[in-house]
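**Q** Dumping the structure here so I can ask a few things about it.
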Amino acid sequence: MDILYAQIQADLRSNDALRQTGALLQALQQSAAGRDISILAKSAVEEIVASPASAVSKKLAFDLIRSTRLTSDLWDTVITGVRSDLDFPDPDVTAAAISILSALPSHRLSKLLTDSTKEINTCFDSTSDNLRFSITETLGCILARDDVVTLCENSVSLLDRVSTWWTRIGLNMLDRSDNVSKVAFESVGRLFQEFDSKRMSRLAGDKLVDSENSLAIRSNWVSSMVDFVWKKRNALMARSLVLPVESFRATVFPIVYAVKAVASDAVEVIRKLSKSSSSSSSNSSVLDSNAERFVGVSDVVSHLAPFLASSLDPALIFEVGINMLHLADVPGGKTEWASLSIIAILTLWDRQEFSSARESIVRAVVTNLHLLDLHMQVSLFRRLLLMVKNLRAESDRMHALACICRTALCVDLFAKESVRRGQKPLAGTDIASLFEDARIRDDLNSVTSKSLFREELVASLVESCFQLSLPLPEQKNSGMESRVIGALAYGTGYGALNWTEPALEVVEVCRPCVKWDCDGRTYAIDCYLKLLVRLCHIYDTRGGVKRVKDGASQDQILNETRLQKLQRELVKDLREVYTPRICARLIWAIAEHIDLEGLDPLLADDPDDPLNIIIANIHKVLFNIDSSADTTNRLQDVQAVILCAQRLGSRNPRAGQLLTKELEEFRSSNLSDSVNKHQSRMILQRIKYVTSHPDSRWSAVSEARGDYPFSHHKLTVQFYEAAAAQDRKLEGLVHKAILELWRPEPSELTLLLTKGVDSTSLKVPPTAISLTGSSDPCYVEAYHLADSSDGRITLHLKVLNLTELELNRVDIRVGLSGALYYMDGSPQAVRQLRNLVSQDPVLSSVTVGVTHFERCALWVQVLYYPFYGSGAAGDYEGDYAEEDPQIMRQKRSLRPELGEPVILRCQPYKIPLTELLLPHKISPVEFFRLWPSLPAVIEYTGTYTYEGSGFKATAAQQYGESPFLSGLKSLSSKPFHRVCSHVIRTVAGFQLCFAAKTWYGGFLGMMIFGASEVSRNVDLGDETTTMMCKFVVRASDASITKEIGSDLQGWLDDLTDGGVEYMPEDEVKVAAAERLRISMERIALLKAAQPRPKTPKSDDENEDEDEEDEDKKKEKKKDGEEDEKTKGPSTLSKLTAEEVEHRALQAAVLQEWHMLCKERNQSQN
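Written out as structure tokens, the structure reads:
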């Protein structure tokens, strides 16, 4: 290998262009094979980049530089070479030099762009097509990036230059050369895309948080380009038609984006963001009339439409189709434009071409369905369902299903409302017809199925109905969403119950789902039954069908009749229910709401009578001994059925009679445990009471509640089978897709556009931490910004030269520890700063990636050269005898003209572990369901002190000024979701629950239990109280708790910003033993004393028994009960010590409670 490298180096040193090219190609080959070629890169930089060579050699040398890492000195050489090449007479060499600009580190880019302004402007004016192509392509890539926007924010001169270059790139769209024109279109498209999505900046590796100014800068560029494209739209369309057909695709997006921005008034908002003065913006574009805008949009549509029909390139058809859909959405857009595009896109599907984009095709069609007219939506419906069924990725399938279900509700409501308003009815718009396709129907009606699709469909339909029952979100801006919301609002007429009509059809269409065999999964069927119960409750089906003379409308009578019929059919389906667990749930859903009074008394002996079928199935559930524990949840099923029996029996005498017999039999059988026996006895007494007193039935027994208590949240501890996990996964996917569609979170840009620049999405820069001491010659401070979506952290450094000298050169080296890495794979980053004037701050930054959840730190070293440029080694002699070998090596490798460096080691910059977490929204029910099943646990104790007595502090807690939780107040700014909290007044304690996820998907739950204790050291009468906090952290992965446990005080500092002090376990035990000893002494005193006529009221007991469960209940005592308690027993009874202590505690609590009430009354008066 060494021989090969030596040969390549020799070839690079020769002045023969052919040999150099061959050597470079060989070096690239070695690089592609994964070998270290840094030594060859050094030769290439020195022999080819820094000295005259042919254009091909330069280009290959730059490719070699891109594929390896360079030291900062070599980057200096590269930049010097590039500067000289920009003046080179041969345009091809200049073009090669320009191409490397996009690979330069961003901290070096600013100076080069500023110094080479004249040369870059010359390149734009060059006669060589190749050079114009190169400058347009390279600047188009660089200038849209975040890091360049940030550089412009800090330098006004650079900002002016970049704005000029954007204008030049815009003009190049009309360039005579096809290649230049195409690449200019691409560059402008990239600028527009970057404004919306920031994709390129992410790739560039410098993902910095947007500040107001950088957003204003980018908006300025975008608005000026939009104005340019709008004014020149006819010329640009003509130019794009002359391009070769394979280049035409690049021209579509920029023209459509600009025209849509003007037509939909988005450009006005962008101008507001850009903060440009009103005079300049009014000159830039006189407001066009609506007619002119509409003509502009129509022109673009007629320019694009022919390509949908005649083009053979699937990618072009797709690009044109998607962009025409965007135009169909502007005010005044026509449905024909959308239908043309959708037909063309669907033709791609039929031709089986472009199959790699199947997901994109379906997504494009379903998200734009509402732009079509009703006929077209209805005709597309069945076909779309089958297309969605064939999608592979779950998230795509869910999103498409959510769109389709929403459209189905939209079509149904819209058509019905139109008929009410006197328009001609349109066939096939009701939900039953929309889902009428033979294959879908067979899938719904068969008991077993290979795919999950039917469950996804039922769950999405039902969840969409529930979304429709909530108030519709307000729509301020026009756009895709507002059409849908408009159609739904028109259909429901904003009526509170109009959503029940489509929901009723959904319940009818999905009825066969109760008979499915889903391998133990129940989520879809649970959703269905929940909706059924909600509808029965709303329409009050147990009271029978209302009549016209009761004030019912025709629609209501029709709906109630349909629901009654559906209930009878479901009763018959009870015999065919396949999943045992569903049987009890279906009995619950029907028995609660069926109209027992409406049953025919003559059919009482008929086995097909609904009541007889229900009771037969109750018998089946109670006496079911066949199925194993994992197919049924017998405990829950029996409970549910017994409750059903109580409610059914107390509503109807015949049901009471039959159920009495069943329950007697169940009670005496060996299948019922003691709890069930007692419960059955109580229910039998109730039924007996109700039958013997038919006039005084209590409404509490018989009133329908409309709840469905079997949530699909099965306790993870109880069920380990795969079905439960699949259920939860399906539920997560459906909920996410439905919520993203119906209640989308606005993007940062949307927030800025709607709320203006004062919105909260602009983050305040965090406080900086100083890394050097007070007497150090250089002052360094740093802060970091984290971006969880990319797993990156940017460290921003500010360096201040505190010496009197001007330092010609300062190197900042940043090393890493923990889970950090540099994008280019180098072990450390070096930033070279030149000419640091005394007391003048210089900014610098490094961006690192984070691989996993682990403690990490950045280690900063400052090397400065007081004798740099003097040529001599300098008189400075330090004592470096005990330096570590790495520093000695660095010193030896430095060039002699740099002089001896002074090395300043800074404190490590530690990244808080909490930075790698994100808040995870979760309901308390889910949190407590998940908590026991998290495998990794760590517990530790922390303390802090606060002023005032515990009891008064907890009382003040509800008014918000209490010092009670003072040690934990910084938790609110940390990335945790606060699930729930309880403050326990009687013992001045609390319980807080938090949930978070790591950047990498691991779940972390934290509970904090606190209990106050009076501090032993009371100074000058100031009352302070110590809060003992028990922290329990559970995580989905042991590596998370291991990382937290490795430095508990550090973790507490990250959490509470130093507010809580870690207390080792042995200290906790010693303190507990001391408390126990004191309380035992007091109990001994109590035991020695004779019981007195009155209960001893000692306030001290309040702290003795922190863990008493009774305390919590005492908070809620009514006044009447309080009086009873305080009277105490007669003197005759002999009380044990425990009882005495307990009474004492109760008395103390109530006494404090009265004091508190008095104080509150006084303060109110």
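Here the sequence shown stands for residues 311 to 1475, numbered as in my numbering. Note that the Cβ used here is the ideal one computed from N, Cα and C, for glycine as well.
Below 7 angstroms CB to CB, which residues in the same chain sit around Leu-694 once its five sequence neighbours on both sides are set aside?
**A** Along the sequence shown, read from residue 1 onward, the residue named residue 694 stands at position 384. Val-675, Val-676, Ile-714, listed in sequence order.
**Q** Based on Cα-Cα distance, which residue from Ile-1294, Val-1343, Tyr-1256 lies nearest to Phe-1286?
**A** Indexing the sequence shown from 1 puts residue 1286 at position 976. Measuring from the Cα of Phe-1286, the nearest candidate turns out to be Val-1343.
**Q** For the ligand GDP, is there any heavy atom lying closer than 7 angstroms to the beta carbon of Cys-715?
**A** Among the ligands in the structure shown, none appear at all, so the ligand GDP cannot be discussed.
**Q** Excluding five sequence neighbours on each side, which residues of the same chain lie with their C-beta closer than 6 angstroms to the C-beta of Leu-1110?
**A** Position 800 of the sequence shown holds residue 1110. Taken in chain order, the residues that qualify are Tyr-1089, Pro-1151.
**Q** Starting from Phe-495, follow the alpha helix (DSSP H) in both directions and report where the run begins and ends.
**A** As a first step, residue 495 is located in the sequence shown; it is residue number 185 there, counting from the start. 488–507 is the span of the alpha helix (DSSP H), which, as asked, contains Phe-495.
**Q** In three-state terms, what does DSSP make of Ile-1551?
**A** Absent from the structure is residue 1551, since the part of the chain shown begins at 311 and ends at 1475.
**Q** Tell me the residue span of the alpha helix (DSSP H) that contains Ser-779.
**A** Here residue 779 corresponds to residue number 469 of the sequence shown, with the count starting at 1. Where Ser-779 is concerned, the enclosing alpha helix (DSSP H) stretches over 763–779.
**Q** Could you pull the start and end residues of the beta strand (DSSP E) that Thr-1104 belongs to?
**A** In the sequence shown, residue 1104 corresponds to position 794, counting from 1. It spans 1102–1111 - the beta strand (DSSP E) in which Thr-1104 sits, taken as one unbroken run.
**Q** Cβ atoms of Leu-338 and Asp-373: under 8 angstroms apart, would you say?
**A** Locating residue 373 in the sequence shown gives position 63, counting from the first residue. Locating residue 338 in the sequence shown gives position 28, counting from the first residue. It is a contact, given that the beta carbons lie within the stated cut-off.
**Q** Hey, which unbroken runs of the alpha helix (DSSP H) at 4 residues or more fall wholly within the segment 312–349?
**A** DSSP runs (the alpha helix (DSSP H)) wholly in the segment 312–349: 312–323, 327–342.
**Q** Since Leu-384 and Val-366 should fall inside the 8 angstroms C-beta cutoff, what is the C-beta to C-beta distance between them, to a whole number of angstroms?
**A** Stepping through the sequence shown from its first residue, residue 384 is reached at position 74. Stepping through the sequence shown from its first residue, residue 366 is reached at position 56. Not quite, the Cβ-Cβ distance comes to about 22 angstroms (not below 8 angstroms), so this is no contact.
**Q** In whole angstroms, give me the CA-to-CA distance for Asp-752 and Arg-764.
**A** As a first step, residue 752 is located in the sequence shown; it is residue number 442 there, counting from the start. As a first step, residue 764 is located in the sequence shown; it is residue number 454 there, counting from the start. If you take the alpha carbons of Asp-752 and Arg-764, they lie about 10 angstroms apart.
**Q** Does DSSP put Gly-606 in a helix, a strand or coil?
**A** In the sequence shown, the residue the question calls residue 606 occupies position 296. Note: Gly-606 maps to helix in three-state DSSP.
**Q** Spell out the partners DSSP gives Tyr-1131 in its beta bridges.
**A** One-based indexing of the sequence shown puts residue 1131 at position 821. Its beta-bridge partners are Gly-1159.
**Q** May I ask you to verify whether the segment 888–902 touches the segment 949–959, counting CB pairs closer than 8 angstroms and requiring at least 3?
**A** Yes: the two stretches touch, three or more of their Cβ pairs being nearer than 8 angstroms.
**Q** Leu-1214 and Val-1172: beta carbons closer than 8 angstroms?
**A** Within the sequence shown, the letter at position 904 stands for residue 1214. Within the sequence shown, the letter at position 862 stands for residue 1172. Going by C-beta atoms, Leu-1214 is nearer than 8 angstroms to Val-1172.
**Q** Could you compute how far the alpha carbon of Thr-1001 sits from the alpha carbon of Met-992?
**A** The sequence position of residue 1001 within the sequence shown is 691, counting from 1. The sequence position of residue 992 within the sequence shown is 682, counting from 1. Their backbone Cα atoms lie some 14 angstroms apart in a straight line.
**Q** List the whole-angstrom C-beta distance separating Leu-701 from Ala-710, where the pair is believed to meet the contact cut-off of C-beta under 8 angstroms.
**A** For this step, residue 701 is matched to residue 391 along the sequence shown. For this step, residue 710 is matched to residue 400 along the sequence shown. At roughly 7 angstroms, the Cβ-Cβ gap stays under 8 angstroms, so Leu-701 and Ala-710 are in contact.
**Q** Where do the ends of the alpha helix (DSSP H) carrying His-709 lie?
**A** Translated into the one-based positions of the sequence shown, residue 709 becomes position 399. Where His-709 is concerned, the enclosing alpha helix (DSSP H) stretches over 704–730.
**Q** Quick one, which of Ile-1318, Thr-1351, Ser-1280 has its alpha-carbon nearest Val-1293's?
**A** As a working note, residue 1293 is residue 983 in the sequence shown. Measuring from the Cα of Val-1293, the nearest candidate turns out to be Ile-1318.
**Q** Please give the ranges of any alpha helix (DSSP H) in the segment 404–474, keeping only runs that are unbroken, at least 4 residues long and fully inside the region.
**A** You should have 416–425, 427–435, 439–452, 456–464.
**Q** Measuring alpha carbon to alpha carbon, tell me which residue in Ala-718, Leu-880, Arg-852, Thr-871 is nearest Trp-809.
**A** Sequence index remark: in the sequence shown, residue 809 carries index 499 (1-based). The shortest Cα separation from Trp-809 among Ala-718, Leu-880, Arg-852, Thr-871 belongs to Ala-718.
**Q** Report the rounded CA-to-CA distance for Asp-1037 versus Met-708, giving the unit in angstroms.
**A** One-based indexing of the sequence shown puts residue 1037 at position 727. One-based indexing of the sequence shown puts residue 708 at position 398. Their backbone Cα atoms lie some 14 angstroms apart in a straight line.
**Q** CA-CA distance, Ile-1221 and Asp-485?
**A** The residue you call residue 1221 lines up with position 911 of the sequence shown. The residue you call residue 485 lines up with position 175 of the sequence shown. Distance between the alpha carbons of Ile-1221 and Asp-485 is about 50 angstroms.
**Q** List the whole-angstrom C-beta distance separating Ser-982 from Ser-990, where the pair is believed to meet the contact cut-off of C-beta under 8 angstroms.
**A** Looking up residue 982 in the sequence shown gives position 672. Looking up residue 990 in the sequence shown gives position 680. About 7 angstroms separates the two Cβ atoms, so the contact holds.
**Q** In the DSSP assignment, what are the bridge partners of Lys-1307?
**A** On the sequence shown, position 997 is the one that residue 1307 refers to. DSSP output for Lys-1307 lists Leu-1228, Phe-1313 as bridge partner(s).
**Q** How do the segment 487–505 and the segment 447–455 stand: do at least 3 beta-carbon pairs fall below 8 angstroms, yes or no?
**A** Flag = yes, the segment 487–505 and the segment 447–455 touch.
**Q** Should Ser-1356 and Arg-1165 be called a contact, given that it needs their Cβ atoms to be closer than 8 angstroms?
**A** Residue numbering aside, residue 1356 sits at position 1046 when the sequence shown is read from its first letter. Residue numbering aside, residue 1165 sits at position 855 when the sequence shown is read from its first letter. Yes, these two residues count as a Cβ contact at 8 angstroms.
**Q** The beta strand (DSSP E) that contains Tyr-1018, what's its start and end?
**A** One-based indexing of the sequence shown puts residue 1018 at position 708. Counting along the chain, Tyr-1018 falls outside any beta strand (DSSP E), and DSSP gives it neither H nor E.
**Q** What does a CB cutoff of less than 8 angstroms around Glu-1375 pick up in its chain, not counting 5 residues either side in sequence?
**A** Along the sequence shown, one-based indexing puts residue 1375 at 1065. Here the set comprises Tyr-1250, Thr-1251.
**Q** Please work out which residues of its chain come closer than 6 angstroms, Cβ to Cβ, to Pro-1234, disregarding the five sequence neighbours upstream and downstream, and give them in chain order.
**A** In the sequence shown, the residue the question calls residue 1234 occupies position 924. Counting only Cβ-Cβ distances below 6 angstroms, and skipping sequence neighbours, we find Val-1289, Cys-1290.
**Q** Counting pairs of beta carbons, one from the segment 604–621 and one from the segment 640–649, are three or more of them closer than 8 angstroms?
**A** These segments touch.
**Q** Please report how far the alpha carbon of Thr-1513 lies from the alpha carbon of Cys-1216, in whole angstroms.
**A** Nothing in the structure corresponds to residue 1513, since the chain is present only between 311 and 1475.
**Q** Is it true that the segment 912–919 meets the segment 855–864, where meeting means three or more beta-carbon pairs spaced less than 8 angstroms apart?
**A** Because the criterion of three Cβ pairs below 8 angstroms is not met, the segment 912–919 and the segment 855–864 do not touch.
**Q** From the DSSP secondary-structure annotation, give me the bridge partner or partners of Leu-1173.
**A** Counting from one through the sequence shown, the residue named residue 1173 turns up at place 863. Paired residues: Asp-1121, Ile-1213.
**Q** Leaving out five residues on either side along the sequence, give the residues of the same chain with a beta carbon under 7 angstroms from the beta carbon of Glu-1434.
**A** Numbered from 1 along the sequence shown, position 1124 holds the residue referred to as residue 1434. Confidence in Glu-1434 is poor, its pLDDT being 38 and thus under 50, which makes the residue's placement unreliable; the coordinate value appears in the next sentence. Counting only Cβ-Cβ distances below 7 angstroms, and skipping sequence neighbours, we find nothing.
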